[in-house]
Amino acid sequence: MAGSQADMDAIEAQAKKGLAAYNAQDAKAVASFFTEDCRGLVPGCPPAIGREAAIPVIEAFFKSGIKSMEITTDELIPMGEYYLKRGVASGFDAEKKPKDKFNYVQIWRKDNGEWLHFYQMLNSQTPPKTQ
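Sequential numbering of the sequence shown, starting at 957, is according to this note's numbering.
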């Protein structure tokens, strides 16, 4: 099924706004780009179910030293009423030095006329520590 260019452009615009909120270190603003019933799976955290549960997870990223992010989109695939977005998020410390890279998969859903993250999964590209 082909998606609409208008929907894809709207999703990318929302992603840029959410990224700007992250880079401003505003966890509540970042969470506003998630659906009320969102699901988040990120490294080192239990699953976050719901927008309010996402806020402490976002704050944990801030506390980990990831002060800003850049994202790339590798795929944006329509799936009925949803879109799957896959790419890479690069995290930077306060001095803009690379801190970590994450592969991400997001499912976007339109709620009240606005595209929002319904589901997000991140995994770090940093190899596990060996003993």
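Here a beta-carbon is modelled for each residue, glycine too, at the ideal position from N, C-alpha and C.
For clarity, every value in this text was computed on a predicted model and none was experimentally measured.
Three-state secondary structure assigned by DSSP to residue i
{"i": "Asp1088", "result": "The question about residue 1088 has no answer here: the residues shown for the chain are numbered 957 through 1087."}
{"i": "Ile1022", "result": "coil"}
{"i": "Asp982", "result": "coil"}
{"i": "Val1013", "result": "helix"}
{"i": "Asp965", "result": "helix"}
{"i": "Lys1066", "result": "strand"}
{"i": "Ala1143", "result": "Residue 1143 lies beyond the stretch modelled for the chain, which goes from 957 to 1087, so this question has no answer here."}
{"i": "Gly959", "result": "coil"}
{"i": "Gln1087", "result": "coil"}
Residues that DSSP places opposite residue i in a beta bridge
{"i": "Thr1028", "result": "Val1044"}
{"i": "Asn1059", "result": "Val1044 and Asn1079"}
{"i": "Pro1034", "result": "Tyr1039"}
{"i": "Leu1072", "result": "Arg1065"}
{"i": "Ala1004", "result": "Gly996"}
Identity of the residue in the options nearest residue i by Cα
{"i": "Gln1081", "options": "Val1044, Asp1067, Leu1072 and Glu1051", "result": "Val1044"}
{"i": "Ile1022", "options": "Glu968, Gln981, Pro1002 and Thr991", "result": "Gln981"}
{"i": "Ala1009", "options": "Tyr1060, Ser1024, Glu992 and Met1025", "result": "Glu992"}
{"i": "Tyr1075", "options": "Ser960, Glu968 and Tyr1039", "result": "Tyr1039"}
{"i": "Lys1057", "options": "Thr1086, Pro999 and Glu1015", "result": "Pro999"}
{"i": "Lys1066", "options": "Cys994, Val1013, Thr1086 and Tyr978", "result": "Cys994"}
{"i": "Asp1049", "options": "Tyr978, Asn1079 and Gln1087", "result": "Tyr978"}
{"i": "Asp965", "options": "Glu1051, Glu1026, Met1077 and Ile1033", "result": "Ile1033"}
{"i": "Lys984", "options": "Leu997, Ile1011 and Glu968", "result": "Ile1011"}
{"i": "His1073", "options": "Pro1083, Asn1079, Pro1084 and Val1061", "result": "Val1061"}
{"i": "Gln1001", "options": "Phe990, Leu1078 and Glu1026", "result": "The question names Gln, but residue 1001 in the sequence shown is Cys. Per the Cα distances, Leu1078."}
{"i": "Asn1068", "options": "Phe1018, Lys1085 and Phe989", "result": "Phe989"}
{"i": "Ser960", "options": "Thr1086, Lys1085 and Trp1071", "result": "Trp1071"}
Heavy atom of the ligand FAD within 7 Å of residue i beta-carbon
{"i": "Ala966", "result": "In terms of ligand content, the structure shown is empty, and the ligand FAD therefore cannot be addressed."}
Worksheet item: Taking three-plus beta-carbon pairs below 8 Å as touching, is the stretch 1000-1019 in contact with the stretch 1029-1039?
Response: no
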